[in-house]
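The block underneath contains the structure these notes are about, expressed in structure tokens.
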Amino acid sequence: MNKSSLTVSLSRYVLAAVIGLLVASLILQSQGYPITEFLSVLATSTVGTPYAFLDVLRWMTPLLLSGLAFLIAARVGYFNLGVEGQIYIGSLFSAVITHVLPLPPVLALLVGILAGMAGGLIWAYPCAWLAKRFGVNEVVTTLMLNYVAVLITSFLVKQFFLATTVNGGTIQTITTDEIEANAVLPTFTPYSALNAGLFIAVAVTAVAAFVLGRMRTGYELRAVGEAPKFAKYSGIPVARRKFQAFLVSGAIAGLVGALETQGVLHSFIAGSLDNMGFNGMLVSLVAMNNPIGLFASALFFGVLQNSQLVISQVTTVSSYLITVVSALFILAFAANPIQFIMKTWRARRER
Amino acid sequence: MSPIQSGEDYIVFSSISKSFGSNKALDDVSVIAPRGRVTAVVGENGAGKSTLMKVLAGVVEPDAGSVTIGGERKSFRTTREAALSGVGMVYQETALVPELSVWENIILGWEPVGAGATLSKHRARRDVIELSERYSLPVPVDALVRDLPVSVQQQVEILKVLHRQADIVILDEPTSVLTPQERVGLFDAMTNLQAEGKTILFISHKLDEVLNTAHHVTVMRKGRVVASQDNRDLDRRSLARMIVGRDVAPIERRAAPALGRVVLDVSSVALGALHEGPGIRGASLQVRQGEVVGLAGVSGSGQYELVQAIAGLETPDRGSVVFDGTREVRIDAKSNSAQSVSALRAAGIGHIPADRNLVGSLRGRPLWYSAVAGRLHEPEFCRRGIIRIKTARALASDIIAAGDVVASGPDAHPESLSGGNLQKFIAQRELMLKPVLLLAEEPTHGIDIGAAREVRQKLRQVAADGGAVLVASTDLDELLEMCDRIIVIFDGRVVLDKVRAACTEEMLGAAMTGLDEEQAA
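Protein sequences, first through last, are from chains V and F. First residue of the first sequence? That's 195 in my numbering, and the numbers climb one at a time after it. First residue of the second sequence? That's 76 in my numbering, and the numbers climb one at a time after it.
And the structure:
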């Protein structure tokens with residue numbers, strides 16, 4: 195990317211953020227809430243205390259990986275809307291394996307993570323296979339399997355893995371028993387849920403960025419996604435690469451579930467993973483499907499998600515306002531006013 | 076009615092200049108096109124022909140100069156403005172919506188509106204059918220555009236312009252994708268148009284069709300007009316000299332070396348139709364080292380399917396293809412096509428595909444992406460799975476230099492190259508492989524005569540160097556000029572296989588249209 199196009203994309207983001215906040219302020223104003231308070235909560239929750247930013251990074255972790263999961267499928271032309279469900283399955287797999295198998299420290303951690311990835315992969319497999327074998331539209335299959343994933347995990351937990359209370363009774367929330375301590379990803383401070391999962395997420399994304407950008411595999415995936423006929427002509431096994439990318443996408447989604455289970459929740463908790471996959475899709479779209487851009491994009495959404503939790507705790511403002519801000523941001527980003535401005539400006543200069 | 080009579084000056088370009096960056100595409104160009112006549116604009120790739128036509132069509136705004144039509148000064152800012160004034164342009168690369176049917180594409184943007192502002196489908200469809208009959212451009216009105224071969228897509232483009240009731244029709248190399256038969260159809264259509272008083276401007280590389288159809292010929296070279304005159308005073312040789320700026324010698328045909336071993340053995344290959352037509356139904360042929368073999372046929376006769384099977388892109392239903400290059404590769408019904416392609420490439424097959432945009436290059440990415448097509452298994456371009464961008468870019472630069480391609484460099488995107496230049500790039504890329512067998516589909520499609528001669532000469536050189544070439548082309552003159560042997564496909568079968576010396580144009584034409592078989596029967 196050259197310098198001027200970088201400036202253009204950066205201004206695209208900045209403008210989108212400004213528009214998002216501006217409209218949110220108008221909404222606040224009309225409801226009689228002080229804007230300053232809203233903005234100060236937004237700032238405090240992000241950088242106000244030494245631990246605030248750690249919480250932002252905590253939310254960035256799953257967003258980064260679910261963004262990556264979406265992006266890898268998108269590279270070959272698949273729209274994996276099933277990241278959500280694949281995360282659920284990954285989380286459950288990880289929670290069950292690490293609870294059932296008592297393993298030594300590092301091994302327990304690894305086995306849990308691999309189980310999660312396997313879960314995500316297994317959930318993506320039928321969609322990938324149907325798309326490859328019969329050309330079934332993956333948007334439909336992945337989206338539908340999300341519902342199945344959410345409900346089947348709850349069902350399985352209720353039937354077989356429901357947590358027991360200390361005195362042996364059952365509890366109300368649909369949740370599994372706590373996982374073995376050996377399988378838990380270490381946290382940095384007791385004041386934040388941020389854990390070693392961040393390093394895994396960053397490392398995986400960095401490796402993926404390198405593979406996609408510099409390696410033959412990345413070239414092949416790009417060719418398959420952007421010019422399938424050219425890919426076939428070049429001797430790239432188009433169908434197989436698409437299939438593989440779909441499964442990798444599912445595995446990375448499963449990894450998100452595993453990291454949530456082993457890093458933050460320490461069990462499978464129904465309802466605690468809502469929208470994580472769909473937010474990943476937004477992260478990837480805002481990053482314009484650029485793996486390096488995922489970092490900035492995930493950080494941004496991390497800030498929003500973190501402040502969403504804080505805002506409802508300390509103010510009377512609805513936490514949904516943060517959803518409104520992020521929705522407005524994405525709208526303004528997708529509409530791309532910068533492009534329009536540049537075009538008019540150029541046209542005027544040429545006259 | 077217009078006061079300007081047929082034959083009088085109608086469209087006047089005066090002193091048009093246009094630069095793209097430092098490149099002067101048009102330099103003080105003045106051209107006059109008479110009303111109701113066919114004016115041909117000829118010249119090499121990048122001579123400025125398309126740019127000049129785009130000025131008229133409202134696509135390009137000139138830096139200086141003006142256009143008048145019938146004495147009225149016009150400056151169109153958009154194609155729609157131009158279309159409303161009766162100027163329509165058919166581009167070299169089609170821009171149709173693949174998911175829509177033919178008639179939908181034709182009316183798109185100019186839909187006839189029925190009662191209550193609804194689209195009157197029935198009327199629209201009927202109009203399109205009428206139009207296609209009137210101008211003898213038979214298109215399947217209900218077929219989806221994506222299912223049609225390029226040649227039919229182009230006819231749809233022409234109909235689209237006609238549907239907009241263009242008074243001035245600009246055709247940018249309309250015949251480059253048409254078969255001889257279709258070309259006749261087009262020329263008939265042009266005659267019809269002209270009979271209705273329409274003015275036609277057409278860009279072409281083909282000397283014969285210019286000489287046969289145009290009343291007035293304008294020759295451009297490097298952004299300037301070098302000649303603008305009546306067709307009467309022209310012949311092939313003088314026209315070719317004006318275009319290139321020097322004499323164009325016929326390609327050199329050195330005494331054929333003794334033919335070597337069989338490198339390609341196709342036996343009874345059958346493959347269902349990929350577009351329209353019969354597909355290929357049991358074709359056998361052999362190609363030996365040291366020969367250039369031509370594959371002739373009316374488009375849709377099955378030669379496309381045959382080439383796809385030979386290239387390993389499609390698995391044949393029956394029969395086998397055995398390629399004996401640096402090692403033997405056998406393709407039959409049990410083969411996996413992705414493996415076949417890479418095995419063939421590794422064994423020394425080169426392939427210039429017919430579709431340079433979707434098959435031959437990776438659009439939207441720097442040229443070096445296209446340059447390394449099928450070569451990433453070579454350690455020179457990819458080591459330990461990591462692409463060596465430096466050598467890949469160097470390869471792209473080499474191809475640009477060796478193929479005489481006009482491109483800003485290895486980072487230019489394929490879509491920024493003119494059609495002819497991209498074709499040269501792809502042809503040169505395959506030539507750089509030093510292939511044992513080079514499959515060439517329409518290798519000079521859209522290239523000007525000077526460059527086409529270069530490409531043909533290079534293809535002959537492949538054979539002279541001990542390789543073999545199989546050329547599929549709808550241009551009979553090209554095949555007669557460069558081949559040692561010509562094979563004609565008709566209705567999915569090989570109907571003629573003769574050495575060049577024993578072939579005449581009439582004989583080939585008869586074989587291509589199945590006249591031979593009828594006579595025999």
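Here a beta-carbon is modelled for each residue, glycine too, at the ideal position from N, C-alpha and C.
Coil, strand or helix - residue i by DSSP
| i | result |
| --- | --- |
| H280/F | coil |
| H350/F | coil |
| T347/V | helix |
| S77/F | Confidence at S77/F is low in this model, with a pLDDT of 47, below 50, so its placement is unreliable and the value that follows should be read with caution. Coil. |
| E136/F | coil |
| D392/F | coil |
| I461/F | strand |
| M265/F | helix |
| Q361/F | strand |
| I245/F | strand |
| N331/V | coil |
| T274/F | strand |
| F565/F | strand |
| H291/F | strand |
| E420/V | helix |
| R438/F | coil |
| Q366/V | coil |
| A596/F | Annotation note: pLDDT 42 at A596/F (below 50); position unreliable, coordinate value reported separately. Residue state, collapsed to three classes: coil. |
| G449/F | coil |
| T336/V | helix |
| Y85/F | strand |
| G425/F | strand |
| N389/V | strand |
| T549/F | coil |
| M195/V | Low confidence applies to M195/V: its pLDDT is 47, below 50, so where it sits in the model is not reliable enough to give any reading. |
| I532/V | helix |
| I204/F | helix |
Rounded distance between the beta-carbons of residue j and residue i, thought under 8 Å
| i | j | result |
| --- | --- | --- |
| L261/F | T250/F | 6 Å |
| V477/V | A387/V | No, V477/V and A387/V are not in contact; Cβ-Cβ is about 19 Å, not under 8 Å. |
| N113/F | F277/F | Reading the sequence as shown, one finds Val at residue 113/F and not Asn. With a Cβ gap of about 7 Å, V113/F and F277/F count as contacting. |
| G599/F | I424/F | For residue 599/F there is no data in the structure shown, the boundaries of chain F being 76 and 596. |
| L513/F | V544/F | 5 Å |
| V285/F | L246/F | At roughly 12 Å, the Cβ-Cβ gap does not stay under 8 Å, so V285/F and L246/F are not in contact. |
| R468/F | P489/F | The pair is not a contact, with the Cβ atoms about 15 Å apart (cut-off 8 Å). |
| G140/F | F88/F | 7 Å |
| V214/F | L171/F | No, V214/F and L171/F are not in contact; Cβ-Cβ is about 11 Å, not under 8 Å. |
| V404/F | G429/V | V404/F to G429/V, Cβ: 12 Å. No contact. |
Contacts of residue i in chain A (Cβ-Cβ under 7 Å)
| i | result |
| --- | --- |
| R408/V | Protein chains in the displayed structure are V and F, and chain A is not among them. |
contact_flag[the region 276-284 of chain V, the region 251-267 of chain V] where n(CB pairs < 8 Å) is 3 or more: yes
Contact list for the region 448-468 of chain F against chain V, Cβ threshold 7 Å: A448, G449, L451, C457, G460, I461 and I462
Ranges of the beta strand (DSSP E) found wholly within the region 492-517 of chain F, counting only runs of at least 3: 512-516
The region 546-561 of chain F contacting the region 518-536 of chain F, beta-carbon criterion three pairs below 8 Å: yes
Within 8 Å of chain F by C-beta, residues of the region 420-440 of chain V in sequence order: E420, A421, K423, F424, K426, Y427, S428, G429, I430, P431, V432, A433 and R434
contact_flag[the region 382-392 of chain F, the region 407-414 of chain F] where n(CB pairs < 8 Å) is 3 or more: yes
Members of the region 431-444 of chain F near chain V, C-beta cut-off 8 Å: L433, V434, G435, S436, L437, R438, G439, R440 and Y444
Residues of the region 386-399 of chain F with Cβ closer than 9 Å to any Cβ of chain V, in chain order: A386, G387 and L388
Runs of beta strand (DSSP E) wholly within the region 97-176 of chain F (minimum 3 residues, chain order): 98-109, 113-118, 139-144, 147-149 and 162-165
Entirely enclosed alpha helix (DSSP H) segments - the region 220-265 of chain V, minimum 4 residues: 229-237
Contacting positions in the region 408-428 of chain F - beta carbon closer than 9 Å to chain V: N411, S412, A413, Q414, S415, V416, S417, A418, L419, R420, A421, H426 and P428
Three-pair Cβ contact test at 8 Å for the region 452-462 of chain F versus the region 485-496 of chain F: no
The region 311-319 of chain V in contact with the region 420-436 of chain V per 3-pair CB rule at 8 Å: Fewer than three beta-carbon pairs drawn from the region 311-319 of chain V and the region 420-436 of chain V are found closer than 8 Å, and the two stretches are therefore not classed as touching.
The region 363-371 of chain F / the region 332-345 of chain F touching (three or more Cβ pairs under 8 Å): yes
Proximal residues, the region 327-356 of chain V versus chain F, C-beta separation under 9 Å: none
Cβ contact check for the region 91-101 of chain F and the region 129-139 of chain F: 3 or more pairs under 8 Å: With a cut-off of 8 Å, the region 129-139 of chain F and the region 91-101 of chain F count as touching, because enough Cβ pairs lie within range.
Touching by the beta-carbon criterion (3+ pairs, under 8 Å), the region 96-107 of chain F and the region 278-298 of chain F: yes
Sufficient close CB pairs (3 or more, under 8 Å) joining the region 510-523 of chain V to the region 223-236 of chain V: These segments touch.
Segment contact, 8 Å Cβ cut-off, at least three pairs: the region 284-293 of chain V with the region 450-464 of chain V: In this structure the region 284-293 of chain V touches the region 450-464 of chain V; the number of beta carbon pairs closer than 8 Å is three or more.
Cβ contact check for the region 354-366 of chain F and the region 562-575 of chain F: 3 or more pairs under 8 Å: Output reads yes: the region 562-575 of chain F touches the region 354-366 of chain F.
Completely contained alpha helix (DSSP H) runs for the region 255-329 of chain V, where each covers 4 or more residues: 277-294 and 299-328
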